[in-house]
Each structure stands twice: as C-alpha cells, then as structure tokens.
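In my numbering, the protein residues as written are 1498 to 1679.
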C-alpha cells in the first residue's frame, strides 16, 4: 500500500481526536496504516518532520475549508449566514483536539495564533461591509469568542444548537447596532 502525505495526515487527525497528541508516534501511525516505518520516513524523514508537515496541513484545513464553501460574491449578510451554516455542520472534534495540543506544543500554538488572526481579519472585513470599522472589529471578536466558547463547553455546541445560538447572537448584534461601545 502506497500512502500519500494526505493519508498520513488523515490518520493523524483521527489519532489526535481519539487519543490526543501523545498518540502521534511513528509506531502508532505506522501500526494504524499497517506499513513499515520506512514508508513514514520516506515522506517525513523524522517525527519532527512529520509534526512540522502536519501542523502546516492543519493550518490549511478547518476554517479555510469552511470559508471556501461561502459564496464570495454573495451579500455580506448571506456570506455570514453561509459561514454560520458551514460552522454548524462542521464536526468540532479536530479543532478541539488541535486547541488542546496547542497548550503544550509551541509550533501548534503559533499556527493557531496565525489562524485565529486570519479568522478575525476575515470576520472584521465581512462585518466591515455591514457596519463601521470599530464595530466590525468588535463584532469579529465577539463572534470568535462565541465560536471558541462553543468548543470549550461540554458537550461542545454544534449543529442546530450552534446555528440557533449564532442567529441569536446576530440578533443581539443588530439590536445593539453601531452605537454599542466595544
């Protein structure tokens, strides 16, 4: 069986969600794949090489995949609605696991800081099409705070409950309007 880096990353995502970062060993990955360590070393050279490549992979999935489902030419209101719908459909397991890993792994933490900043920028630009820049930045941070909180509460908030709460948050945002002070 010939594995691609994507195959290794898919296995690593599953292990990370199911067992945590301690399971991301060469032995566990090759055992799960049913291949020799040589196959692993062929792609990554070392565990550190794998972790670096996996972190880069994680940077490119998740929120970026969700935003890719949003129609870029739709109205800002429709794009926000589409974004919430995609987030509600999204299984939060991998993001939760990655955020837990970031507590103990600096490269993961650094990657998450960059991803979070990109999310804030995206949301601030989106809200900026609907309100003034100061309020847009505030609404972006409020939205990110809601999303991160939805991941931390047990059980995590997702699906219809996430969509309903995001809609309620949107109503609160529209009721307070630009006169609210960030």
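Virtual Cβ for every residue (Gly too), placed ideally from N, Cα, C. Remember, predicted model here, so these are calculated numbers, not experimental data.
- Comparing alpha carbon positions, the residue from 1521, 1654, 1500 closest to residue 1509 is 1521.
- Counted as a single uninterrupted DSSP element, the alpha helix (DSSP H) harbouring residue 1557 occupies residues 1544–1557.
- The residues 1566, 1567, 1568, 1571, in chain order, have a CB closer than 8 Å to that of residue 1579 in the same chain once the five nearest residues on each side in sequence are set aside.
- Relative to residue 1653, the option among 1586, 1600, 1517 whose CA is nearest is 1586.
- The closest CA to that of residue 1655, considering only 1669, 1602, 1635, 1581, is found on 1581.
- For residue 1550, the CB contacts under 7 Å within the same chain, skipping 5 residues up- and downstream, are 1502, 1541 in chain order.
- Residues of the same chain with a CB within less than 8 Å of the CB of residue 1610, apart from the 5 flanking positions on each side, do not exist.
- By the Cβ-count criterion, residue 1637 is buried, with 16 or more other Cβ atoms from all chains shown falling within 10 Å of its own Cβ.
- Taking all protein chains in view, the Cβ of residue 1574 is surrounded by fewer than 16 other Cβ atoms within 10 Å, so the residue is classified as exposed.
- Nearest to residue 1671 by alpha-carbon distance, out of 1617, 1627, 1500, 1591, is 1627.
- For residue 1630, the number of other beta carbons within 10 angstroms of its own is below 16, and it is reported as exposed.
- Restricting attention to alpha helix (DSSP H) runs no shorter than 4 residues, the segment 1591–1656 encloses them at 1603–1625, 1630–1649, ordered along the chain.
- Listed in chain order, the non-local C-beta contacts of residue 1602 below 7 Å within the same chain comprise 1518, local neighbours out to five positions each way being set aside.
- If you ignore the 5 residues before and after residue 1621, its C-beta comes within less than 6 Å of the C-beta of 1633, 1634, 1637, all in its own chain and listed in chain order.
- Per DSSP, the continuous alpha helix (DSSP H) segment holding residue 1527 begins and ends at 1523–1530.
- A residue is called buried when at least 16 other Cβ atoms come within 10 angstroms of its Cβ; residue 1600 does not meet this threshold and is exposed.
- A distance below 8 Å separates the beta carbons of residue 1564 and residue 1619.
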